[in-house]
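Numbering-wise (this note's numbering), the sequence shown opens with residue -16 and increments by one. Cβ coordinates follow ideal geometry from the N, Cα and C atoms, glycine included. Given the structure is predicted, the values throughout are model-derived calculations rather than measurements. Input: a single structure, listed below in structure tokens.
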Amino acid sequence: MEFSLIVDFIFIAAGIIILIPCLMFFLECLGAFILSSPSLNLENIKRPITTILIPAHNEAEQIIDVIQVLQTQITEQDRVIVIADNCHDNTAELARSTGVEVLEREHKTDRGKGYALDYAIQQIQDNPPEVLVILDGDCIVEPDTIKNITSSAIATGRPVQATYLMEQPDNPSLKDRVSMFSIKVKNQVRLLGLNRLGWHSLLTGSGMAFPWSLINKVSLAGSKTTDDMQLTVDLALAGSTPVFCENALVMGRLMKDRDAQSQRSRWEHGHLEMIAIEVPKLLRAFFKTKKLSALILALDILIPPLSLLVMAWMVSMMVFWLVAIFTAISIVPAVIVTIAGGLLLTSVLLAWVKFGRADLPLKNLIAIPFYILVKIPIYLNFLVKPQSRWLKTERDLPNNH
């Protein structure tokens, strides 16, 4: 009898582990779907002195377009600094031709965006701005983005994240469409929901603005592909959770084929590592300080990549119901994961109806389960050979451009 109770408890706990991220995901998607955005009056905010850092690794193909679009949004008091980091193309030369400042950095072991940004911040210590903006070297800023995120940073005194989405490639494949929808859910829908619920935002890597007094207190040096998530945690623990700026947009580009899979593997492995390491840290901070922001951030990070969440639910659903039907184990765990599945399905449909129909037609939405099957090796590789650091991709190939 006691053994049966222990087994019941284990299965119920496993069901709750599936339910928690599904419930949090549902709240975020529901918030984005039904709530209105909080208003932030920026009319009386004086445009702050701004430095825009653009870490660029072999970005010769698009760096001029990125800078020229950006230059339409800056004022005479602003600085644009491109960090040509471990480049073996002419990124630095092309950037200089646009009239912006260029820093060149070479390092055999300290590779990655975090190290490039840390290097640039050290170089501007003698003449710091009021607001520091970080923009990836392949991102196009939409009109008024720089003004809106820098003014928001001054108005709130907190880090600010713009909407960061991906441009649809020519003749997108099913994998491209599903990937773009997944990114939109992560970088727009969920952040909208958090913002409209009055909670924090997450930093997503590009289109970020920081009051100098905040960004100068944390270290950006690192090689994790989830540097943005790590920075969110560091700032939150320091008492400065980010806010989401809905009326600001930066557009990046999807990598192609094998390079996209490699990039996705690194990011998703990095996210799983963050769940294992940072979620316990945030929960300890919540129990110690009773700050709700630490708990909300922990629950948000606890939501794994969407494909993994769906995969985990499908497996648990099948196992729990088989166990409930053919053994004496309680039916409660199976009911819990069924509720979790209902929340998960509703969340995806809410996100798709309001934000995803243009990118992902209904016939493609139905094909998502097949896309998930393709990603199984990514998660199996995490158990054998986790990749959470920057590795070579298409931009590392000497003759790529």
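Item                                                                                                    : Value
Per-residue burial, E(-15) [other beta carbons within 10 Å of its own, 16 or more giving buried]        : exposed
Spatial distance of I(-11) from A317 (CA atoms)                                                         : 16 Å
Buried or exposed (CB count within 10 angstroms, at least 16 for buried), D121                          : buried
C-alpha distance - V302 paired with T310, whole-angstrom precision                                      : 11 Å
Closest residue to V52 among V233, L278 and A295 (Cα-Cα distance)                                       : V233
L174 and S184 closer than 7 Å at C-beta                                                                 : yes
Neighbour-count burial assignment, L305, 16 or more Cβ in a 10 Å radius                                 : exposed
Runs of alpha helix (DSSP H) wholly within the stretch 107 to 176 (minimum 4 residues, chain order)     : 128 to 139 and 157 to 167
Endpoints, beta strand (DSSP E) assigned at E84                                                         : E84 to R88
F164 vs G339 beta-carbon contact at 7 Å                                                                 : yes
CB of I297 within 7 Å of CB of V320, strictly                                                           : Contrary to the premise, residue 297 reads as Met rather than Ile in this sequence. Going by C-beta atoms, M297 is not nearer than 7 Å to V320.
Per DSSP, the bridge partner or partners of L36                                                         : I64 and I117
Inter-stretch contact at 8 Å, needing at least 3 Cβ pairs: the stretch 54 to 67 / the stretch 96 to 107 : yes
As assigned by DSSP and simplified to three states, the class of F(-8)                                  : helix
Endpoints, the alpha helix (DSSP H) within which A317 is located                                        : V315 to A334
Segment limits, beta strand (DSSP E) that includes M191                                                 : M191 to P194
Cutoff 6 Å; reference H384; Cβ partners in own chain excluding five residues on either side             : Because H384 sits at a pLDDT of 37, beneath the cut-off of 50, its placement in the model cannot be relied upon, and the following sentence gives the value as read from the coordinates. So the qualifying residues of the chain are A43, E44 and D72.
Helix, strand or coil at R236 [DSSP, three-state]                                                       : strand
Under 7 Å between C-beta atoms of L282 and A219                                                         : no
Three-way DSSP call (helix, strand, coil) for C228 in this model                                        : strand
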